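Counting along the sequence shown from 1, when you hit position 187 you're at 888 in our numbering, and nothing is skipped either side.
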Amino acid sequence: MNILDVRDLTIRTADGRILVDGLSLAIAPGERLGLIGESGSGKSLTTLAVLGLLPDGMTATGSAELAGTQIVGASEKQLTGVRGRDAAIVFQEPLTALDPLMRVGRQIAEPLARRRGLRGTGLKRAVVAALEQVRLPEPDRIARAFPHEISGGQRQRVAIAMALACDPKLLIADEPTTALDVTVQSDMLDLLDTLVRERDMAVLFVSHDLAVVSKVTDRVLVMKDGHAVEQGDVREIVRAPREEYTKALVASARQLESALDLRSAG
702 MNILDVRDLT
712 IRTADGRILV
722 DGLSLAIAPG
732 ERLGLIGESG
742 SGKSLTTLAV
752 LGLLPDGMTA
762 TGSAELAGTQ
772 IVGASEKQLT
782 GVRGRDAAIV
792 FQEPLTALDP
802 LMRVGRQIAE
812 PLARRRGLRG
822 TGLKRAVVAA
832 LEQVRLPEPD
842 RIARAFPHEI
852 SGGQRQRVAI
862 AMALACDPKL
872 LIADEPTTAL
882 DVTVQSDMLD
892 LLDTLVRERD
902 MAVLFVSHDL
912 AVVSKVTDRV
922 LVMKDGHAVE
932 QGDVREIVRA
942 PREEYTKALV
952 ASARQLESAL
962 DLRSAG
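Below is the structure:
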């Protein structure tokens, strides 16, 4: 059974405008799918819909089954049981997920206590272990810090630690490296690749950058204006894209890679 099975998903605004139109996709356990498109393509809205997190004024129709639970039309109680356990999300800006008024360690401790029933010393050890697994130095210090007291790259690692705390079956990564500089971005991609590989975890990786997606996914689905325009093995898409829009994304990715290679050589 697929961990995520989306069929004919349509997302509308309150005035009837269609933002995602009849999208279908599937992710098997342990599989990595890249969802790629420019701003406004509907890729991020798709990820919010499959977790029941669409903003007020938007509605979803069709079907989105996550680990056997129908998300479209589900109650908040049903959704709370799915989030964290079956799927978790890492956003582009980690402050979206982090409470600025709560220490980092406590924010990681909450899902661990809720989902795994940990308390006391066992909970403290689990928090430190979660920070260590995302390669954060001085985990005890980081655990005591507030989000504004650590760097952007460290905040993103904390957000990843929170997402992975309960070992979800599916990790949704929505532009998780876009706000980071090139060096930190590369380290973060390596970290994500290692963590999901160790857990044999499925991934839905969302980005506007095909060069990034090609490093961490097996398959790719290209979106434009709320529609899927092309999908397939990521290596085949990069080697021989069929649609003009996909060809433009591939050309842009190659130009970026060439520019970065020149920068590194310099």
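Where is the CB? At the ideal position from N, CA and C, for every residue including glycine.
Every value quoted in this text rests on a predicted model; they were computed, and no experiment measured them.
Quick check: what's the CA-CA separation for residue i versus residue j?
i      : j      : result
Ala831 : Met863 : 8 Å
Ser908 : Ala775 : 27 Å
Asp757 : Thr781 : 18 Å
Leu922 : Ile809 : 32 Å
Thr879 : Ala949 : 19 Å
Asp811 : Glu945 : The displayed chain sequence assigns Glu, not Asp, to residue 811. Cα to Cα, the separation comes out at about 47 Å.
Arg936 : Arg784 : 31 Å
Arg845 : Arg816 : 22 Å
Glu739 : Gln793 : 15 Å
Gly731 : Lys916 : 16 Å
Lys825 : Asp868 : 17 Å
Val885 : Leu893 : 12 Å
Gly723 : Arg943 : 21 Å
Ile938 : Glu931 : 8 Å
Met702 : Ala727 : 10 Å
Asp926 : Arg900 : 34 Å
Thr822 : Gln771 : 37 Å
Thr947 : Thr748 : 21 Å
Met803 : Arg718 : 38 Å
Ile704 : Thr797 : 25 Å
Thr895 : Gly933 : 23 Å
Val897 : Met889 : 12 Å
Could you give the C-beta distance for residue i and residue j, rounded to a whole number, given that I count them as a contact under 8 Å?
i      : j      : result
Val805 : Pro877 : That pair is no contact at about 17 Å.
Arg786 : Phe906 : Contact doesn't hold; Cβ gap of about 20 Å is too wide.
Ala866 : Leu813 : 5 Å
Met924 : Gly743 : 6 Å
Ala788 : Leu754 : With 8 Å as the limit, Ala788 and Leu754 do not qualify as a contact, their Cβ atoms being about 11 Å apart.
Excluding the 5 residues preceding and the 5 following residue i in the sequence, name in chain order all residues of the same chain whose CB lies nearer than 8 Å to its CB.
i      : result
Pro795 : Pro848, Gly853, Arg856, Gln857, Val859, Ala860
Asp882 : none
Ile843 : Val805, Gly806, Leu832, Leu837, Ile851, Gln855, Val859
Ile737 : Lys744, Val907, Ser908, His909, Asp910, Leu911, Val914, Val921, Leu922, Val923, Met924, Leu950
Pro801 : Phe847, Pro848, His849
Spatial neighbours of residue i within its chain, please: C-beta separation below 7 Å, excluding the five flanking residues on both sides.
i      : result
Arg708 : Ser725, Gly763, Ser764
Ala750 : Leu710, Ile712, Ala761, Ala765
Ala827 : Leu813, Leu819
Ala715 : Gly758
Gln779 : Thr770
Can you check which of these residues, the options, is closest to residue i by C-alpha distance?
i      : options                        : result
Arg940 : Leu911, Asp706, Gly723, Thr747 : Leu911
Ser887 : Glu899, Ala903, Val913         : Val913
Gly741 : Asp934, Ile843, His928, Asp894 : His928
Asp875 : Val904, Leu892, Val935         : Val904
Asp891 : Val835, Ala954, Leu871         : Val835
Ala729 : Met889, Thr895, Leu872, Thr884 : Leu872
Met759 : Ala768, Val773, Gly769, Leu767 : Val773
Asp706 : Gly717, Gly769, Glu739, Thr714 : Gly769
Lys870 : Leu767, Thr748, Gly717         : Leu767
Ordered along the chain, which non-local residues of its own chain (more than five positions away) have a Cβ less than 6 Å from that of residue i?
i      : result
Leu746 : Ile712, Leu720, Val721
Ala952 : none
Gly735 : Phe906, Val914, Thr918, Val921
Pro840 : Val829, Leu832, Glu833
Leu963 : In this predicted model, Leu963 has a pLDDT of only 39, less than 50, meaning its place in the structure is not dependable; the value taken from the coordinates is given anyway. Contacts found: none.
Gly954 : The residue asked about is misnamed: residue 954 is Ala in this sequence, not Gly. Result list for Ala954: Leu911, Ala912, in chain order.
Using a Cβ-based criterion (distance less than 7 Å to any ligand heavy atom), does residue i qualify as near the ligand COA?
i      : result
Ala831 : Of ligands this structure carries none, so the ligand COA is not represented either.
Taking 8 Å as the CB-CB cut-off, is residue i touching chain D?
i      : result
Glu944 : No chain D appears in the structure shown, which is made up of a single protein chain.
Continuous beta strand (DSSP E) assignments of at least 3 residues falling wholly in the stretch 775–847: Listed in chain order, the complete beta strand (DSSP E) runs (minimum 3 residues) inside the stretch 775–847 are 788–791.
Minimum length 3: unbroken beta strand (DSSP E) runs contained in the stretch 921–946: Those beta strand (DSSP E) runs which fall completely within the stretch 921–946 and span 3+ residues are 928–934.
Inside the stretch 850–929 only - alpha helix (DSSP H) runs reaching at least 4 residues: When DSSP assignments are scanned along the stretch 850–929, the uninterrupted stretches of alpha helix (DSSP H) that are 4 or more residues long and fall wholly within it turn out to be 853–865, 883–900, 911–917.
Alpha helix (DSSP H) segments (min. 4 residues) lying fully within the stretch 727–763: Qualifying alpha helix (DSSP H) stretches, in chain order: 744–751.
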